[in-house]
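Per my numbering: the sequence shown = residues 2 to 298.
Presented below is the structure to which this report refers.
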Amino acid sequence: MNRISLAVFDSDNALAFSTTKNASVDEDFSDPISCSLLPGDYHFVAVIHQANEDGEAAAIASTSQATITTSKLFSGFADNQPVTIIANQTNTVNIDLGSCITSKFQLKITDDTPANVVSCEVILNPSSSATAAYLFNPTTGFAGNTYQYRTEFFISDMNMDTFQNNLLGVNCLLSEASQHISVMVNMKDASGNIVRTRTFSDVPMKPNRITRATGSFFHSTANSSFILDTTLDPHIRVRVLSHSCTWKNYSCISYRAEIHRQRLGWKPVTNHSPLLINHLSSVRTIIRNAHAQVSES
C-alpha cells in the first residue's frame, strides 16, 4: 500500500483533522502522523490503498463517503473506528483495517494465443458508465454505484509473450456483500480491432475475494463454459496503532501503521515503516466449479 488517508470527525460529524500521505512524493511517508484533539468522542476514518505513481490518496468527505480517483483501481482497505479521547491521561487507539474492501476478477486462458492478438481488454460491468472517481462508503466498504472497471493487458508485458496461463486481474468495488456482475473480454489486434470477444454473465463476486475464470478462450465452442473458482484474496491484514500523550486539555495523537500477516493467527512484522507489505498465502476454495453463462461473437 502506498497511499494513506486519515480523517477524524467529532460527535457533530464535523471534520476535526485530516491528512493524506503519498509514498511517491512524501519523504516522511513512514513517519508517524500527529494531530491535536480536544477530549471527546470521535470517529477515525482511515483509507489505505495502492495507486499508480500519479494516483492520489483517497479523499474522505465523511464517515459514509470517500472517493478514490484513479484510472485503474487497485486493492484497498477502509474502516471507521469510534474513539473517545480522555483528558489528563494517555490515550491509546487501535484501528484494525482488516481485509480488503475490493474484489478481483481474474481471467486465466488455457489455450494458445493467436499470432494476431496483441492485447486483451477486460471490462467489468460493461453496460455501466466509465468513471475515474470511485465513490464508496468507508464504513461499509461498499460502492456508491455500479461502476465500470476496465483494464487492457498487452501481450508484450506477459510472461513468455502469451496470455496462456497468465492471470489477468481487474479490481472493483461492490455495492453489496454478494453481487453478480457481467464481464466482457475483448481480444484485439495491433490496429485495435476486436478479433474475438466473449461476455461472462452472472459472475459471483464478494469483497476480499478473487473470482477466477479458467478455460479455453480462442478454440472453444459457443456452448462451452469457463470454470469459476472463488477464493480468498491473498490479502494484507492492516492494523493502525495510535498512541497519544495528554497536553492540558488537548490530546496529541501520533499514528503508526504496522503491517501484520496472518498465518494461523497474528504475527507481528518487525519493521520501521508503516507500509512494509507482507503478502500471505491464499486460503482457497470458497466456491468451486460454478459455471458462468458465456455468450460470444
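Backbone N, C-alpha and C define an ideal beta-carbon position, used for all residues, glycine too.
Please identify the residue among the options whose C-alpha is closest to the C-alpha of residue i.
i, options, result
"T232", "G216, I211 and F219", "I211"
"G99", "G77, V9 and Y43", "G77"
"V123", "P139, S129 and Y150", "Y150"
"I86", "T200, S176, L39 and N23", "L39"
"G56", "S37, F30 and V26", "V26"
"Q107", "T71, D162 and V204", "V204"
"A15", "G41, N138 and N89", "G41"
"S202", "T141, S128 and T71", "S128"
"A60", "N23, N92 and T215", "N23"
"A116", "S157, G142 and A131", "S157"
First and last residue of the beta strand (DSSP E) that includes residue i?
i, result
"I156", "Unbroken run through I156: none, as it is neither H nor E."
"Q66", "Q66 to T70"
"V171", "L168 to C173"
"P205", "I195 to M206"
"L38", "I34 to L38"
"S19", "L16 to N23"
"L233", "I228 to L233"
"I220", "Note that residue 220 is His in the sequence shown, not Ile. It is not in any beta strand (DSSP E) - H220 carries neither H nor E in the DSSP assignment."
"K109", "S104 to I110"
"G41", "G41 to H50"
"I211", "R210 to G216"
"F78", "G77 to I86"
Could you compute how far the alpha carbon of residue i sits from the alpha carbon of residue j?
i, j, result
"N167", "S12", "49 angstroms"
"Q180", "M206", "5 angstroms"
"K73", "G193", "20 angstroms"
"T64", "P33", "22 angstroms"
"I49", "C36", "18 angstroms"
"S176", "I182", "11 angstroms"
"T200", "F10", "44 angstroms"
"D113", "I195", "17 angstroms"
"F227", "T71", "30 angstroms"
"C253", "P139", "At C253 the pLDDT is 33, less than 50, meaning the model places this residue with poor confidence; the figure from the coordinates comes in the next sentence. Going from the Cα of C253 to the Cα of P139 covers about 25 angstroms."
"Q66", "F30", "24 angstroms"
"T20", "F45", "12 angstroms"
"M161", "V94", "48 angstroms"
"C121", "A17", "46 angstroms"
"G142", "L229", "24 angstroms"
"T91", "Y43", "16 angstroms"
"Q51", "I69", "10 angstroms"
"V118", "E28", "42 angstroms"
"E54", "M2", "12 angstroms"
"T152", "A88", "50 angstroms"
"T198", "A178", "29 angstroms"
"S130", "F137", "16 angstroms"
"F219", "P208", "30 angstroms"
"A191", "S217", "22 angstroms"
"T215", "Y135", "28 angstroms"
"M159", "F75", "19 angstroms"
For my contact list, residue i and residue j are in at a C-beta cut-off of 8 angstroms; report their separation, rounded to the angstrom.
i, j, result
"A47", "I96", "6 angstroms"
"A58", "R4", "4 angstroms"
"I110", "F155", "Actually they are not in contact, since the Cβ atoms of I110 and F155 sit about 15 angstroms apart, beyond 8 angstroms."
"K105", "G145", "Not really, about 20 angstroms apart at Cβ, beyond 8 angstroms."
"Q102", "L174", "Inspection of the sequence shows that residue 102 is occupied by Ile rather than by Gln. About 7 angstroms; that satisfies the 8 angstroms criterion."
"Y148", "N172", "In fact, because the Cβ distance is near 11 angstroms, the residues do not count as touching under 8 angstroms."
Hey, is residue i close to the ligand MN, as in C-beta under 7 angstroms from one of its heavy atoms?
i, result
"F78", "Among the components modelled here there is no ligand, and therefore nothing to report on the ligand MN."
Quick check: the segment 186 to 202 against the segment 80 to 88, are there 3 or more CB pairs under 8 angstroms?
Contact annotation: the segment 186 to 202 does not touch the segment 80 to 88, with fewer than three C-beta pairs closer than 8 angstroms.
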